[in-house]
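Data block below; observations after.
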Amino acid sequence: MTGRDLEFLYEIGSLRNIPRAWIQHLATDCSSTLEHTLRVVFLSLLIARKEGVKNEEKLIKMALVHDLAETRTADLAYVHKVYTTSDDARAARDLFAGTVFADLEEILKEYEKRASKEAKIVKDADNLDVDLELRELRERGNQVAVKKQPLRKLVRDKKLYTKTARKLWDEIQKSDPSSWHLSANKWLKVPKAGQ
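Counting along the sequence shown from 1, when you hit position 112 you're at 112 in UniProt numbering, and nothing is skipped either side.
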């Protein structure tokens with residue numbers, strides 16, 4: 001193992017300290033880039049399995065690296081991008097340089113091009129995680145999250161690539177973010193648990 005490999009591991013750990021850019025607009029705590037990435041991995045797998053995409057190894061790698069450059073560039077919101085430029089390609093190149101993960105730079109480039117089915121699925125997952133978090137925030141009464149609904153509907157209609165992602169978006173809007181633990185007893189099969 002090289003020193004760069006350890007540096008890489010520490011650097012990706014710093015994603016837990018990088019807030020999502022929209023914290024400025026939502027005025028509340030929201031997921032870190034690291035937390036976002038975990039759910040994107042599982043959303044990607046869900047969509048891929050529903051869409052019949054078989055290369056899960058490539059898909060998982062792509063989901064894991066889709067925002068890694070943010071260790072060096074931070075997460076920029078659409079407003080920030082009007083006034084700043086970010087060299088994401090250089091950030092990724094420098095991030096992976098000298099590590100055993102250098103091959104992942106090519107997967108990240110493929111993701112950025114959005115030409116492959118896997119890249120489109122990961123981008124759908126990236127968008128859907130936003131919608132899951134906005135749904136969670138709406139459940140807690142965040143009015144800014146409510147106001148974002150028309151924009152997110154536009155994303156659903158114009159930017160989601162897969163039929164599965166659009167269907168999942170529709171389901172998210174009607175879902176109860178608390179239902180997973182309220183109904184856990186029937187899955188745990190523990191008599192009188194939660195009573």
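By construction, the Cβ of each residue, glycine as well, lies at the ideal position given by its N, Cα and C atoms.
On a predicted model such as this, the values are computed, not experimentally measured, just so you know.
| Check | Outcome |
| --- | --- |
| Buried or exposed (CB count within 10 angstroms, at least 16 for buried), W180 | exposed |
| Extent of the continuous alpha helix (DSSP H) run through N127 | K117 to E139 |
| Buried/exposed call for H80, threshold 16 Cβ in 10 Å | exposed |
| Cβ-Cβ separation, A48 to E56 (assumed contact under 8 Å), whole Å | 6 Å |
| DSSP beta-bridge partners of S178 | Answer is none; S178 lacks a bridge partner. |
| Beta-carbon proximity list for E51, same chain, < 6 Å, skipping 5 on both sides | T162 and T164 |
| Contact set for D5: own chain, Cβ-Cβ below 7 Å, skip 5 residues either direction | T99 and V100 |
| Opening and closing residue of the alpha helix (DSSP H) in which V146 lies | Q143 to K147 |
| K174 to R138 span [Cα, whole Å] | 12 Å |
| Collapsed DSSP secondary structure at Q32 in the structure displayed | It should be noted that the sequence gives Ser, not Gln, for residue 32. Three-state result, S32: strand. |
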